[in-house]
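In what follows, a single structure is set out as structure tokens and then discussed.
Numbering (the working numbering), first residue to last: 769 to 1077.
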């Protein structure tokens, strides 16, 4: 069996070496060194070009580098008879929880205002707010969102969650479905988006949904850039409806040099690194599916192509 690695952002050779260490007999090929395309029956990919995977007619399964698969399913020519697996990893969940907690605390402890005061050499005491009086709302209560919610509870924040389907997490008030979205948003001093990107969630952070947040709320988007209508977010920031936004993902990546997010005083930009896949932690999941495939057993962590996650 031959596995092809394609990624525009990861160190493909590092991943290939880790795979070879765990499966010495595995034929691992790193793009563009494909060899005979008909010998490729597995692919480990991140955001492959349109039509790329359709060129391998003997694929038995495709594995994503991470939890998200929208960059794969955005290709309309994806061979839908081929199973697609994703990563469900404690390392990813912990990394995302660190990112969420960091930026929630930056908002809670008013670091943006303090940094502004520092630049202007202004010594000004800012009145604190009790964590119990802050409500953090998480959109997307799957493997990543649930861990982030639990970490936030440790700081005594009020935490609410919203998902397309009902998800129960101890200590978290749960909302689900379109009918409960307005009620969820009305509570959120900080809105954290960790949703998968699907046709139903694209553009979910828009002028309408932003208007349902309490005035002065802060938005953290570490899901996908497609969740945010950027013009609507900028309008809310410029008109002081939102106090700020922390953005790790964007409609176009890398973020263009002239994009207003770079210099906006209320926006924090990070380069899509809220949670990264680490080979030593993730490769065992890939190896597990390779062994399942070899033995004719059902694959694990398979994506439901009808819903996109």
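All C-beta atoms in this analysis are idealised placements derived from N, C-alpha and C, irrespective of residue type, glycine included. Since the structure is predicted, the reported quantities are computational estimates derived from the model, not experimental observations.
Leaving out five residues before and five after residue i in sequence, what residues of the same chain have Cβ atoms less than 7 Å from its Cβ?
i	result
residue 899	876, 923, 924 and 925
residue 815	776 and 839
residue 983	1009
residue 826	806, 808 and 809
residue 1067	829, 851, 853, 1057, 1060 and 1061
residue 1017	989, 990, 991, 992, 993 and 1040
Give the single residue among the options whose Cα lies nearest to the Cα of residue i.
i	options	result
residue 789	1036, 1051 and 1071	1051
residue 798	773, 852 and 1019	773
residue 956	1010, 947 and 991	1010
residue 854	1064, 1065, 968 and 1056	1056
residue 1005	1022, 990 and 1035	1035
residue 782	1058, 1049 and 1064	1049
residue 840	965, 1023 and 983	965
residue 946	962, 969, 961 and 896	969
residue 953	780, 937, 938 and 975	975
residue 778	1040, 915 and 884	1040
residue 1072	795, 769, 786 and 851	851
residue 810	1059, 1020 and 962	1059
residue 769	807, 1053, 801 and 785	807
residue 950	981, 937 and 942	981
residue 1061	865, 873, 831 and 1029	831
residue 786	1067, 1074 and 1046	1046
residue 890	882, 896 and 967	882
residue 909	892, 942, 897 and 888	942
residue 1019	1031, 1033, 792 and 990	990
residue 985	878, 828, 820 and 1038	878
residue 843	820, 836 and 828	820
residue 1076	866, 886, 837 and 938	837
residue 913	813, 893, 937 and 896	937
residue 794	999, 784 and 802	784
From what residue to what residue does the alpha helix (DSSP H) around residue i run?
i	result
residue 783	780-790
residue 849	First-last for residue 849: undefined, no H or E at that position.
residue 804	Per DSSP, residue 804 belongs to no alpha helix (DSSP H) and is neither H nor E.
Quick check on the burial criterion: 16 or more other C-beta atoms within 10 angstroms. Buried or exposed for residue i?
i	result
residue 833	buried
residue 978	buried
residue 1008	exposed
residue 1064	exposed
residue 992	buried
residue 884	exposed
residue 901	exposed
residue 804	exposed
residue 865	buried
residue 958	buried
residue 894	exposed
residue 835	buried
Enumerate in chain order the residues of its own chain whose CB-to-CB distance from residue i is below 6 Å, with the five nearest sequence positions on each side excluded.
i	result
residue 940	917, 927 and 929
residue 920	904 and 927
residue 911	856 and 861
residue 880	1012
residue 822	845 and 847
residue 1027	none
residue 907	930, 961 and 963
Leaving out the 5 sequence neighbours to the left and right, which residues in its chain are closer than 8 Å to residue i when beta-carbon positions are compared?
i	result
residue 944	930, 931, 932, 933, 934 and 935
residue 1001	973, 978, 987, 1010 and 1013
residue 971	994, 995, 996 and 997
residue 863	1042, 1043 and 1044
residue 869	916, 919, 920 and 923
residue 1069	853, 854, 855, 856, 1053 and 1057
residue 1030	1023 and 1037
residue 780	773, 774, 798 and 799
residue 897	876
Span of the beta strand (DSSP E) holding residue i?
i	result
residue 1042	Where residue 1042 is concerned, there is no enclosing beta strand (DSSP E), given that its DSSP letter is neither H nor E.
residue 1035	1035-1037
residue 774	770-774
residue 797	795-798
residue 1070	Note, residue 1070: premise wrong, no beta strand (DSSP E); not H, not E.
residue 777	Taken as a continuous stretch (DSSP letters only), residue 777 belongs to no beta strand (DSSP E), as it is neither H nor E.
residue 986	985-989
Any Cβ of chain B within less than 7 Å of the Cβ of residue i?
i	result
residue 769	Given the protein chain composition of this structure (a single chain), no chain B is represented.
Segments of 4+ residues assigned as alpha helix (DSSP H) that fall wholly inside the region 805-843: Counting whole runs of 4 or more residues, the region 805-843 contains the alpha helix (DSSP H) stretches 838-841.
Go through the region 917-983 residue by residue and report every complete run of the beta strand (DSSP E) that reaches 3 residues or more, in order. Entirely contained in the region 917-983, the beta strand (DSSP E) runs reaching 3 residues are, in chain order, 926-931, 941-944 and 958-961.
If we require 3 or more residues per run, which beta strand (DSSP E) segments fall completely within the region 991-1030? You should have 1010-1015.
Entirely within the region 842-903 and at least 4 residues each: give me those alpha helix (DSSP H) ranges in chain order. The region 842-903 contains these whole alpha helix (DSSP H) runs: 858-876 and 879-887.
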